[in-house]
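In our numbering, the protein residues as written are 7 to 290. For each residue, glycine too, the CB sits at the ideal point set by N, CA and C. Here's the structure we're looking at; comments come further down.
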């Protein structure tokens with residue numbers, strides 16, 4: 007596995023593979039890798055001939071009072087996990103490499119980014135779109151794989167790719183959970199044993215909503231109220247949102263539900279932001 011730290015080195019690496027007729031898949035990450043990340047890397051290997059992962063804690067997607075400085079980092083462990091997952095290369099840029107002095111351009115996707123996580127994190131998706139667009143241009147990948155845990159992010163990146171005619175096929179991979187149902191996240195490392203137990207309320211609330219939907223409940227307001235009530239019962243949590251939205255525009259659904267919809271929740275658990283989601287009515 008090659009370790010690449012400059013834009014030029016990555017471009018040479020991709021050019022070599024393309025010259026040999028091989029396709030390239032990218033898995034962008036912020037590091038502190040866990041099984042959900044390595045599942046993405048293995049899924050990427052089914053989409054292209056070679057896989058490159060990027061590991062970069064992107065400062066432009068963090069607000070001034072968020073956890074950029076303390077976001078967990080483990081370069082040695084990440085490289086070992088990426089190699090074990092079959093990556094052919096890892097791109098490990100510095101902030102200065104990704105954002106040279108004087109960088110002033112930001113990529114903004116309107117509408118999709120203004121609510122859900124974007125409502126409480128106004129710089130979040132501009133930072134993500136900017137860094138992902140840069141990674142696509144630096145790597146020159148044919149395919150990129152993202153997890154559905156960040157469902158809004160995935161939808162926004164797909165829209166960015168479509169609107170900017172970027173020659174990248176974006177693939178979503180199902181959310182990965184711990185054995186007890188907790189959605190895998192690098193931020194889970196922040197949680198104490200007690201907080202981790204409280205965090206299970208998110209997946210339990212979503213599972214309850216899914217069960218009610220499968221039993222025939224089609225009133226979105228009833229399902230929203232269920233989510234809010236289940237989370238409000240946990241004193242350590244402060245609700246950001248509990249919403250039902252359509253899968254394309256991510257707009258709140260009104261009236262009787264007629265097809266699959268996204269149920270999404272976000273909370274602050276004593277200083278740690280947690281998000282989770284499930285698609286109600288998805289087959290399988």
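| Asked | Found |
| --- | --- |
| Contacting residues, own chain, Cβ-Cβ under 8 angstroms from residue 139 (five flanking each side not counted) | 113, 166, 170 and 172 |
| Bounding residues of the alpha helix (DSSP H) (the contiguous stretch that carries residue 69) | Neither: residue 69 is in no alpha helix (DSSP H) and is coded neither H nor E. |
| Continuous beta strand (DSSP E) stretch holding residue 283: start and end | 278 to 286 |
| Cα-Cα separation, residue 63 to residue 156 | 16 angstroms |
| Nearest residue (CA-CA) to residue 291, options 235, 109, 248 and 149 | Residue numbering for the chain in the displayed model covers 7 to 290; residue 291 lies beyond these limits and cannot be assessed. |
| Same chain only: Cβ atoms within 6 angstroms of residue 43, ignoring 5 sequence neighbours per side | 35 |
| Residue 213 (DSSP reduced to helix, strand or coil) | helix |
| Secondary structure, alpha helix (DSSP H): runs of 4+ residues fully inside the stretch 185 to 241 | 199 to 220 and 226 to 238 |
| Cβ neighbour criterion (16 or more within 10 Å) applied to residue 116 | exposed |
| For residue 22 and residue 30, the rounded distance between their alpha carbons | 11 angstroms |
| N-terminal and C-terminal residue of the beta strand (DSSP E) that residue 249 is part of | 243 to 251 |
| Same chain, Cβ closer than 7 angstroms to residue 190, five either side skipped, listed in chain order | 40, 41, 42, 182, 183 and 184 |
| Span of the beta strand (DSSP E), counted from its first residue to its last, around residue 175 | 175 to 179 |
| Environment of residue 267 [buried if 16+ CB atoms lie within 10 Å] | buried |
| Residues of its chain near residue 245, where Cβ-Cβ distance is below 6 angstroms and the 5 sequence neighbours each way are ignored | 237 and 273 |
| heavy atom of the ligand SAM below 6 angstroms from residue 278 C-beta | Questions concerning the ligand SAM fall outside what the structure shown contains, since it holds no ligand whatsoever. |
| Residue 79 (DSSP reduced to helix, strand or coil) | coil |
| Close-in-space but distant-in-sequence residues of the same chain around residue 28 (CB under 7 angstroms, 5 per side omitted) | 55 and 56 |
| Assigned secondary structure, residue 125 (DSSP; H/G/I helix, E/B strand, else coil) | helix |
| Residue 151 vs residue 179 beta-carbon contact at 7 angstroms | yes |
| Per-residue DSSP class, three states only, for residue 16 | helix |
| Helix, strand or coil at residue 138 according to DSSP, with G and I counted as helix | helix |
| Identity of the residue in 104, 233, 205 and 203 nearest residue 216 by Cα | 233 |
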